[in-house]
Amino acid sequence: MGIVLKQSFNNTLILFLGFAIGGINVLFLFTNFLHEDYFGLITFLLSTANIIMPLLVFGIHQTIIKYYSSYKTKIEKDGFLIATLVLPLVVIIPLAFVGVFLYEFISNWLSAENPLIKSYSYLIFIVAIFMGYFEVFYSWTKVQFNSVFGNFIKEIFTRICTSFLLVAVYFNWITNEQFIYAIVIVYGVRTLIMKLYALYIYMPKLVFKIPSNLKELLSFSFYIIIAGSASGILLEIDKFMIPQIEKIAEVAYYSVGIYIASVVAIPTRAMQQITSPITAKEMNNNNIPEVEKLYKQTSINLLVVGGLLFLLINLNITDLYELINKPQYTKGIWIVLIISIAKLMELALGTGNAILMNSKYYKIFFYMSLAMALTVIILNRWLISLVGINGAALATLIVVLTYSSIKIFYIKSKLNIQPFSTNTVKIVLIVSAVFFLFYFWNFEFFPLINIAIKGVLITVIYLFIINKLHISKDLNSLVSKYF
Numbered sequence: 069m070g071i072v073l074k075q076s077f078n079n080t081l082i083l084f085l086g087f088a089i090g091g092i093n094v095l096f097l098f099t100n101f102l103h104e105d106y107f108g109l110i111t112f113l114l115s116t117a118n119i120i121m122p123l124l125v126f127g128i129h130q131t132i133i134k135y136y137s138s139y140k141t142k143i144e145k146d147g148f149l150i151a152t153l154v155l156p157l158v159v160i161i162p163l164a165f166v167g168v169f170l171y172e173f174i175s176n177w178l179s180a181e182n183p184l185i186k187s188y189s190y191l192i193f194i195v196a197i198f199m200g201y202f203e204v205f206y207s208w209t210k211v212q213f214n215s216v217f218g219n220f221i222k223e224i225f226t227r228i229c230t231s232f233l234l235v236a237v238y239f240n241w242i243t244n245e246q247f248i249y250a251i252v253i254v255y256g257v258r259t260l261i262m263k264l265y266a267l268y269i270y271m272p273k274l275v276f277k278i279p280s281n282l283k284e285l286l287s288f289s290f291y292i293i294i295a296g297s298a299s300g301i302l303l304e305i306d307k308f309m310i311p312q313i314e315k316i317a318e319v320a321y322y323s324v325g326i327y328i329a330s331v332v333a334i335p336t337r338a339m340q341q342i343t344s345p346i347t348a349k350e351m352n353n354n355n356i357p358e359v360e361k362l363y364k365q366t367s368i369n370l371l372v373v374g375g376l377l378f379l380l381i382n383l384n385i386t387d388l389y390e391l392i393n394k395p396q397y398t399k400g401i402w403i404v405l406i407i408s409i410a411k412l413m414e415l416a417l418g419t420g421n422a423i424l425m426n427s428k429y430y431k432i433f434f435y436m437s438l439a440m441a442l443t444v445i446i447l448n449r450w451l452i453s454l455v456g457i458n459g460a461a462l463a464t465l466i467v468v469l470t471y472s473s474i475k476i477f478y479i480k481s482k483l484n485i486q487p488f489s490t491n492t493v494k495i496v497l498i499v500s501a502v503f504f505l506f507y508f509w510n511f512e513f514f515p516l517i518n519i520a521i522k523g524v525l526i527t528v529i530y531l532f533i534i535n536k537l538h539i540s541k542d543l544n545s546l547v548s549k550y551f
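Plus 68 on top of the position in the sequence shown (first one is 1) and you've got the working numbering.
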């Protein structure tokens, strides 16, 4: 766990800094400097691009993670990496021609409820290409066990640029419309930086050699397209579907709630940057005991850290929305609680997704992902119409709880490993007890002071209990080392 803890710790710091900058953007700059319709618009465009991104890059970014370590010679590895740059073009070029031919139809469909979307529809395709090739080059560095810089560019660079652009809107240096185009340029620059760094870390020779296992690669990539698009649908379909049913400004209110809740997922995002390639390597070597060890350790560590974040967020949420000082955005308060519960379940899964994706049972992962996507679409259509944007959050929670449980049982049945222990039960009980202890305990000071006081109390009590019960050896070691 040495390299995992070291890079996960660095990635966690980067993610927290990125989320802090993003929090300023989402909670204060977007809400005060940009018209809420354009806030909803940029959220819609980026979410839709995320959904189609796996299709455009042919799932290559995940294929690199799974197969790179299986090649033994430099020539084989270089030929494989060069192929990962070419294969996405087989999808991108034909789809570009189709998009040009059907653009009017597609843009009219996307903007049926909100005409503002029509003029910007083509940007979805461009941003998706930028996002896709960024992930390809990022995967190049991940398989070299170098994930920190890419994480910095992904999490911090884009958000800092967004901050400057929002300030530019405030001072009328650029318009709301120009802001949309400027964000697209930022994603293009981000991809270029990632490309240059990936080539700096590892420069493959220009080897035009078809990989010997091309059929297997194409088969895996095809399933990755299904799974990646399905995962994108699970994460982003709510922001895509809300404008089809509600006013586009509702996406802005929903996005603020989602962003706050997504802080709970910071630990898993940090750890996955390094555990995914390690899991792939151990699965390729059929080292199941090491896979199980990583499975259990990540699950317990993520739950401990995620549990603290869950408490800090949900027990301070009222004061946080008072700081935002935009009454219309308080529609997202219940969204925060619902989505953060879903994020806790994802944390409990540990490296479960990486295990399934890199095992010989990888096809079932894609079928599950497809089923998840179809389920969440159906639930979104029903629940958004029924209870508005809270319905989108409920749909996500139902799907995450159901399919995460199915994945855990499936891995247990096939590999006879599972992530839970008695410590898992202890964490759930501790989080529940602290939540109900502080839920009705409110201070009457300025919101920022209330958050600080309650935050310190929650953190001290929670970490004291976790440390005394020796729930996580890794986190106890960190506490001993730094405190």
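Backbone N, C-alpha and C define an ideal beta-carbon position, used for all residues, glycine too. Note that this is a predicted model, so its numbers are computed, not measured.
Closer than 9 Å to chain D by CB, Tyr265: Protein chains in the displayed structure number just one, and chain D is not present.
What do you reckon, are the CB atoms on Ala266 and Phe205 nearer than 9 Å? Taking 9 Å as the Cβ cut-off, Ala266 and Phe205 qualify as a contacting pair.
CB-CB under 8 Å to Leu56, same chain, minus the five flanking residues each way: which ones, in chain order? A query on residue 56 cannot be resolved here, the shown segment of the chain reaching from 69 to 551 and no further.
Tell me the rounded alpha-carbon separation between Leu391 and Ile485. 45 Å
Any idea what DSSP makes of Pro345, helix, strand or coil? helix
Within 10 Å of its beta-carbon, does His129 have 16 or more other beta-carbons around it, so buried, or fewer, so exposed? buried
Beta-carbon proximity list for Phe87, same chain, < 7 Å, skipping 5 on both sides: Val331 and Ile334
In terms of residue numbering, what span does the alpha helix (DSSP H) encompassing Asn535 cover? Pro515 to Lys536
Quick check on Tyr471: buried or exposed, where buried means 16 or more other Cβ atoms within 10 Å of its Cβ? buried
Using CA coordinates, which residue listed in Ser481, Arg337 and Ile432 is at the minimum distance from Gly374? Distance from the Cα of Gly374 is smallest, within the candidate group Ser481, Arg337 and Ile432, for Arg337.
Which of helix, strand or coil does DSSP assign to Met271? coil
My guess is that Ala196 and Leu109 are in contact by the Cβ rule of under 8 Å, so how many angstroms apart are they, rounded? At roughly 16 Å, the Cβ-Cβ gap does not stay under 8 Å, so Ala196 and Leu109 are not in contact.
Can Thr116 and Glu314 be called in contact, C-beta distance under 9 Å? no
Cβ shell of Leu97 (< 6 Å), same chain only, five flanking positions each side left out: If we look at Leu97 and ignore the five residues flanking it on each side, its Cβ neighbours are Leu234.
Ordered list of alpha helix (DSSP H) runs contained in the stretch 487–514, each at least 4 residues: 490–506
Could you check whether the stretch 413–423 touches the stretch 339–351, counting it as contact only if at least three pairs of C-beta atoms, one from each stretch, sit closer than 8 Å? yes
Should Phe571 go down as buried or exposed, given a rule of 16 or more other Cβ atoms within 10 Å for buried? Only positions 69 to 551 of the chain appear in this structure, which leaves residue 571 out of reach.
Quick one: measure Cβ to Cβ for Asn369 and Asp146, integer angstroms, because I've assumed they're closer than 8 Å. So it is not a contact: roughly 36 Å between Cβ atoms.
Is the stretch 433–448 close to the stretch 352–363, with three or more CB pairs under 8 Å? Output reads no: the stretch 352–363 does not touch the stretch 433–448.
With H, G and I counted as helix, E and B as strand and the rest as coil, what does DSSP make of Thr226? helix
Using a Cβ-Cβ cutoff of less than 7 Å, which residues in the same chain neighbour Val372 once the five nearest sequence positions on both sides are dropped? Ile495, Ile534, Ile539, Ser540 and Leu543
Alpha-carbon to alpha-carbon, Ile406 and Tyr190: 33 Å
What do you reckon, are the CB atoms on Ile460 and Ile310 nearer than 9 Å? Looking at the sequence shown, residue 460 is not Ile but Ala. A contact, by the Cβ cut-off of 9 Å.
Out of Val94, Phe193, Glu318 and Glu104, point me to the one whose CA is closest to Leu114's CA. Phe193
Would the beta-carbon of Ala410 fall within 9 Å of that of Asp306? No; because the gap between Cβ atoms is not below 9 Å, this pair is not in contact.
Got a sec, what are the start and stop residues for the alpha helix (DSSP H) Ala441 sits in? Tyr430 to Val455
Roughly how many whole angstroms lie between the Cα atoms of Glu414 and Met351? Computed Cα separation, rounded: 21 Å.
Using the three-state DSSP reduction, which class does Lys394 fall into: helix, strand or coil? The answer is coil: DSSP assigns Lys394 none of H, G, I, E or B.
Excluding the 5 residues flanking Ser481 on each side, which residues of the same chain have their C-beta closer than 6 Å to its C-beta? none
Find the nearest neighbour of Leu285 within the set Leu377, Leu184, Ile224 and Phe126, judged by alpha-carbon distance. Considering only alpha carbons, the answer is Phe126.
Among Tyr429, Trp509, Ala439 and Ser367, the one whose alpha carbon lies nearest that of Asn382: Trp509
Take Leu469 as the anchor and find which of Thr492, Ile432 and Leu412 has the nearest alpha-carbon. Comparing alpha carbon positions, the residue from Thr492, Ile432 and Leu412 closest to Leu469 is Leu412.
So the candidates are Pro515, Thr243 and Val319; which of them puts its Cα closest to the Cα of Asn182? Val319
Look up Phe217 in the DSSP assignment and say whether it is helix, strand or coil. Judged by DSSP in its simplified three-state form, Phe217 adopts helix.
Cβ-based neighbour list, Asn179, same chain, cut-off 6 Å, excluding 5 preceding and 5 following: As written in the sequence, residue 179 is Ser, which differs from the Asn given in the question. Result list for Ser179: Ile185 and Lys186, in chain order.
Please determine, among Gly325, Tyr255, Leu149 and Leu274, the residue with the shortest C-alpha to C-alpha distance to Val224. First, the amino acid is wrong: residue 224 is Ile here, not Val. For Ile224, the nearest C-alpha among the options comes from Tyr255.
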